[in-house]
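One structure below.
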Amino acid sequence: MDSNTANDLSKSFQSLGIPKTHVTVGWSNFIATQKQYKSLFVNRRLPDYGWSDVQIQSLLFLFSTLDTNNKTLAKGGSSNNSDDDNDCDNVVDGDTRWCGVGEREGRVYSSLVLQRHFGLSHGMGRSGDITEPQPKAAGSSVLVKLTLLLTLDALKRGSGLEGRINKKQNGPAAFGILLPLCTGMSMSLLLQSMKKEGSPNKDIVLWSRIDQKSCFKAIGVAGLRCVVVPTKIQGDEVITDLEAMEAALQEHGDRVLAVITTTSCFAPRVPDSVDEVAKLCQKFNVYHVINNAYGLQCSKTSKLINRACVLGRVDAVVCSTDKNFLVPVGGAIIVSPNKAIIDNVGKVYAGRASSSPIVDLFITLLSMGLNGYKKLLNERMNMLKNFPSRLDTVAKKHGERLLICQSNTISFGITLDALARPQQDGETEDEYTKSVAKDISSFGAMLFSRCVSGTRVVPRAQTKVLSGEDFVGFGSSTDNYKHSYMTAACAIGVSKAEIDEFLVRLDKALGEYASKMGKTKAR
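Shown next as structure tokens:
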């Protein structure tokens, strides 16, 4: 706003009887807000401190006024007296600017729905590319582009992923794309883009085993064959089997399109040795994709990914928005050292997309600011100092122990071996295993009935079949893990009160289960 306009408005306010001193105070607030908006566009990074809800809403409504759907409906026709049919300033009715006659004009019937979306109903992207700006939605397009820049800034200055490494090569967070899809579907879209760019005979993805269904399904949805590379056990940890990975690369040769590794996982699985796998991918010239679903909250994991980019090949890293930034489910960010990888993902997405997950992320990042995000990360680290030992104390009270998985600093496990009843005479090993698995699984139900969510209870040697593939020991990411166990996470956003109450309820549940088992034996 120029000084003449500001002076005119100031005089208008004073003409209504508002004292000049009051107007000056109001204008100083307005000017300060405008400076914040300008800083956001000029610097293209997170503000140091979070904005107020009023400031964020004002900017969102400013964006929505730039979209063509936010106008008064035409009254009495849309013809005008101008010789130039493209001159939108000359209209019959002063309240009318746009007259939409397409099949999709951002029309929303419910005012409640329109308010929920701040008037941003055009979504994101165009039919040919999800990253392309929309002619009818300049405001929505700006918001999407700006949210990506803020997210990349959060990854670099908050989570510790590098944009540039040693000023010589691109780091994992050099380029990125935001998708209104869950992590699994984003992975599938990424693989489809790689398949499209690769040789037709490359139809195999090597997947370092991690017993999470979504990534396995994502490979199949992309029209590719998944070859599960086994892991190995080292102490309590389930780790990458580098020898098995190299053998699989040699065995399947030119048919291998990509290798998928994982850096966020449930104990006893620990992050893959992505730095060593990166060397293998560079040697065999295959794509390397890292599933880092909720790993952005862990600086140790970010350093590992940075190292992998230095030592070998990393083509893309897939991360969830809800698990890392505390927004509703439905979004993901894919980052890459290679701009072409990101561009290809955008071109593969079919049609426009909902921008709701992006709007949620935009609001949250501005609300947090960089210091707010770092505060959440630091709070998690502070709770991490004693969470494992406190969990171990409860476990030992009931004859169990903490699983020692030092490479995993998000998920923690304790054994549940004492919950298993003795094998009865005449009972086959298979019958006993199935019976005990059912008993131990019921402990998870017991916790849930006591309002404890998020834990995972994994019996020994249970088998699941996914798309015709047998997963023996499902849940532990290896065939022969020696313990039944349960896991709990010390994740971003969890409060000390939640952890305190969880440990109390876990203690009670273990005691009640043991008592119940004692009565069953007595019978």
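Counting from 1, position 54 in the sequence shown corresponds to residue 54 in full-length UniProt numbering; the numbering is continuous, with no gaps.
Don't be surprised by glycine CBs; every beta carbon is placed ideally from N, CA and C.
Because the structure is a prediction, the values reported are computed rather than measured.
Of the residues the options, the one placed nearest residue i, counting alpha carbons only
i	options	result
serine 34	Thr262, Trp51, His22, Gly312	Residue 34 is actually glutamine in this sequence, not serine. Out of Thr262, Trp51, His22, Gly312, Trp51 has the C-alpha closest to the C-alpha of glutamine 34.
methionine 185	Leu112, Gly123, Gly473, Val329	Val329
serine 355	Leu148, Leu40, Ile56	Leu148
leucine 365	His117, Val144, Leu120	Val144
isoleucine 370	Phe118, Ile56, Leu146, Asp153	Residue 370 is actually leucine in this sequence, not isoleucine. If we check each option's Cα against that of leucine 370, Asp153 comes out closest.
proline 230	Val277, Ile239, Ala222, Gly223	Ile239
glutamine 115	Leu242, Val359, Ser411, Asp241	Val359
alanine 308	Ser336, His117, Asn29, Asp275	Asp275
alanine 418	Lys482, Ser407, Glu379	Lys482
leucine 361	Asn69, Ser111, Pro180, Lys156	Pro180
serine 411	Val101, Arg380, Lys38, Gly26	Arg380
alanine 491	Asn306, Trp207, Asn378	Asn378
residue 527	Leu242, Leu416, Leu376	Outside the displayed range of the chain (1 to 523) lies residue 527, so it cannot be described from this structure.
cysteine 408	His22, Pro357, Leu304	It is asparagine, not cysteine, that sits at residue 408 in the sequence shown. Of the candidates His22, Pro357, Leu304, the one whose C-alpha sits nearest the C-alpha of asparagine 408 is Leu304.
isoleucine 333	Val310, Lys375, Ile290	Ile290
leucine 249	Leu190, Val205, Ser111	Val205
threonine 433	Ala420, Gly26, Lys375, Asp425	Ala420
leucine 257	Lys232, Ser64, Gly223, Asp241	Gly223
asparagine 29	Gln169, Lys279, Val54, Arg44	Val54
lysine 232	Gln169, Val504, Asp272, Asp500	Asp272
DSSP-derived helix/strand/coil call for residue i
i	result
leucine 326	coil
tyrosine 287	strand
asparagine 371	helix
alanine 174	coil
aspartate 129	strand
glycine 139	helix
lysine 464	strand
serine 336	strand
methionine 517	helix
valine 314	coil
tyrosine 109	coil
glutamate 379	helix
tyrosine 481	coil
glutamate 276	helix
glutamate 501	helix
valine 116	The residue asked about is misnamed: residue 116 is arginine in this sequence, not valine. Looking at arginine 116 - three-state DSSP - the assignment turns out to be helix.
aspartate 67	strand
serine 355	coil
aspartate 53	helix
arginine 307	helix
aspartate 320	Per the sequence shown, residue 320 should be read as serine rather than aspartate. Reduced to three states, the DSSP call for serine 320 is strand.
aspartate 48	coil
glutamate 103	coil
phenylalanine 471	strand
valine 144	helix
arginine 456	strand
Close-in-space but distant-in-sequence residues of the same chain around residue i (CB under 6 Å, 5 per side omitted)
i	result
glutamine 282	Gly312, Arg313
aspartate 507	Val394
residue 527	Nothing can be reported for residue 527: it is not among the residues displayed for the chain, which extend from 1 to 523.
leucine 146	none
valine 228	Trp207, Arg209
serine 299	Gly160
residue 596	In this structure the chain extends from 1 to 523, so residue 596 is not present and cannot be described.
Cβ shell of residue i (< 8 Å), same chain only, five flanking positions each side left out
i	result
asparagine 344	Ser193, Met194, Lys196, Glu197
serine 214	Cys182, Thr183, Gly184, Met187
asparagine 201	Asp254, Arg255
phenylalanine 61	Phe118, Gly119
asparagine 306	Gly160, Leu161, Glu162, Ile165, Gly171, Pro172
tyrosine 349	Gly125, Asp129, Ile130, Leu179, Leu189
leucine 503	Arg390, Leu391, Val394
Proximity test, Cβ basis, 8 Å: residue i and chain D
i	result
histidine 122	In the displayed structure, chain D is absent; only one protein chain is listed.
7 Å Cβ shell around residue i - same chain, five flanking residues per side excluded
i	result
proline 459	Val436, Ala437, Ile440, Ser441, Ser484
asparagine 7	none
serine 367	Gly50, Trp51, Ile56
alanine 173	Leu152, Leu155, Lys156, Leu161, Glu162, Gly163, Val335
alanine 267	Leu403, Cys405, Asn408, Ser411, Phe412, Gly413, Thr487
glutamine 134	His122, Arg126, Ser140, Ser141
isoleucine 341	Asp315, Ala316
arginine 44	Leu149
leucine 59	Tyr37
For residue i, the residue or residues it bridges with in DSSP
i	result
threonine 261	Ile290
isoleucine 165	Gln169
leucine 179	Ala332
arginine 269	Val238
glutamine 36	Beta-bridge pairing links glutamine 36 to no other residue.
alanine 488	Phe412
methionine 124	Ala353
Margin query: Report the start-end ranges of each alpha helix (DSSP H) in the stretch 199-256 that is 4 residues or longer and not cut off at the edges.
Written below: 213-221, 242-252
Next item on the list: Taking only runs that begin and end inside the stretch 385-439, name each unbroken alpha helix (DSSP H) of 4 or more residues, in chain order.
Entry: 387-397
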